[in-house]
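Asks: Below: one structure in structure tokens.
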């Protein structure tokens with residue numbers, strides 16, 4: 001009976017370098033009972049394996065971003081400006097105009113400014129010289145962040161990304177050209193929008209994939 005992997009990556013948390021009969025690193029069939037290379041990948045925490053009879057097996061701790069079916073993964077983050085997919089980061093220098101016609105140097109400037117209902121604070125965040133500076137300033141004003149932020153932040157991020165797609169056709173083209181690839185934000189200092197130390201939610205990558213389906 002042939003055994004196949006349903007995802008490209010194997011968990012770093014799994015103790016053994018090999019898993020008998022289950023193939024998590026390649027797409028070719030593996031004979032039952034054979035020792036197949038179990039190729040760990042950085043950051044990722046789980047895989048779902050299945051055989052020709054449709055039986056599945058989970059290995060490692062499950063994460064929201066790691067139970068996808070077999071497909072390529074495109075990684076991006078906030079700091080690697082040489083990455084051809086850096087445009088997916090909110091730090092990428094793609095300026096945006098908001099619904100009031102105000103200029104924001106990056107998507108991060110716009111998103112971080114929306115944390116504050118006080119327009120003076122929002123304007124100061126938006127005026128920061130870099131995306132990192134905008135995030136750091138917003139983080140330093142944590143006590144003044146709008147009380148409903150946890151409820152609305154994902155919705156606001158999708159709005160920012162929609163504006164980025166609308167105002168920058170090259171961003172839309174790059175996103176479309178990823179096909180069905182899984183988009184993984186490997187930023188290690190953010191466990192909500194990225195993967196943090198390896199256990200994060202990758203919400204930015206997931207938002208991009210949702211919007212890609214609409215294009």
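Residue numbers (full-length UniProt numbering): 1 to 215.
Every residue gets a Cβ at the ideal spot worked out from N, C-alpha and C, and that includes glycine.
What is the DSSP secondary structure of residue 185, counted as helix, strand or coil?
Replies: In the chain shown, residue 185 corresponds to position 185, counting from 1. Note: residue 185 maps to strand in three-state DSSP.
Asks: So, at 8 Å on beta carbons, what are the nonlocal neighbours of residue 138 in its own chain, with the 5 sequence-adjacent residues on each side left out?
Replies: In the chain shown, counting from the first residue as 1, residue 138 sits at position 138. Excluding residues within five positions, the ones whose Cβ falls inside 8 Å are 112, 113, 115, 116, 125 and 145.
Asks: Straight-line CA distance for residue 98 to residue 72?
Replies: In the chain shown, residue 98 corresponds to position 98, counting from 1. In the chain shown, residue 72 corresponds to position 72, counting from 1. Roughly 34 Å separates the two Cα atoms.
Asks: CB-CB under 7 Å to residue 181, same chain, minus the five flanking residues each way: which ones, in chain order?
Replies: Working through the chain shown from its first residue, we reach residue 181 at position 181. Closer than 7 Å at Cβ, skipping near neighbours: 71, 72, 73 and 74.
Asks: Contact defined as beta carbons within less than 8 Å: I believe residue 108 pairs with residue 134. What is the distance between those atoms, to the nearest angstrom?
Replies: Looking up residue 108 in the chain shown gives position 108. Looking up residue 134 in the chain shown gives position 134. That belief holds up - the Cβ atoms of residue 108 and residue 134 are roughly 6 Å apart, short of 8 Å.
Asks: Which residue wins for smallest C-alpha separation from residue 140, given the options 199, 197, 121 and 78?
Replies: Mapped onto the chain shown, residue 140 falls at position 140. Selected option, being the one with the closest Cα: 121.
Asks: Give every residue of the same chain whose Cβ lies closer than 8 Å to the Cβ of residue 209, excluding the five residues on either side of it in the sequence, and list them in chain order.
Replies: Counting from 1 along the chain shown, the entry for residue 209 is found at position 209. Excluding residues within five positions, the ones whose Cβ falls inside 8 Å are 182 and 183.
Asks: What are the residues that DSSP puts in a beta bridge with residue 74?
Replies: Within the chain shown, residue 74 is the residue found at index 74, counting from 1. Partner(s): 183.
Asks: By Cβ distance below 8 Å, which residues in the same chain neighbour residue 118 in space, the five residues on each side in sequence not counted?
Replies: Taking the chain shown and counting its residues from 1, the one referred to as residue 118 is at position 118. Here the set comprises 144.
Asks: What separation, rounded to the nearest whole angstrom, lies between the Cα atoms of residue 123 and residue 77?
Replies: The residue labelled residue 123 in the question sits at position 123 within the chain shown. The residue labelled residue 77 in the question sits at position 77 within the chain shown. So the alpha carbons of these two residues sit roughly 26 Å apart.
Asks: Am I right that residue 175 and residue 193 are in contact with their C-beta atoms under 8 Å? What's the rounded C-beta distance?
Replies: Position 175 of the chain shown, counting from 1, holds the residue named residue 175. Position 193 of the chain shown, counting from 1, holds the residue named residue 193. About 16 Å; that fails the 8 Å criterion.
Asks: Taking the C-alpha atoms as reference points, what is the distance between residue 159 and residue 199?
Replies: The count along the chain shown starts at 1 and reaches residue 159 at position 159. The count along the chain shown starts at 1 and reaches residue 199 at position 199. Residue 159 and residue 199: Cα-Cα distance of roughly 26 Å.
Asks: Does the Cβ-Cβ distance between residue 106 and residue 127 come in under 7 Å?
Replies: Position 106 of the chain shown, counted from the first residue, corresponds to residue 106. Position 127 of the chain shown, counted from the first residue, corresponds to residue 127. No, they are not a contact pair.
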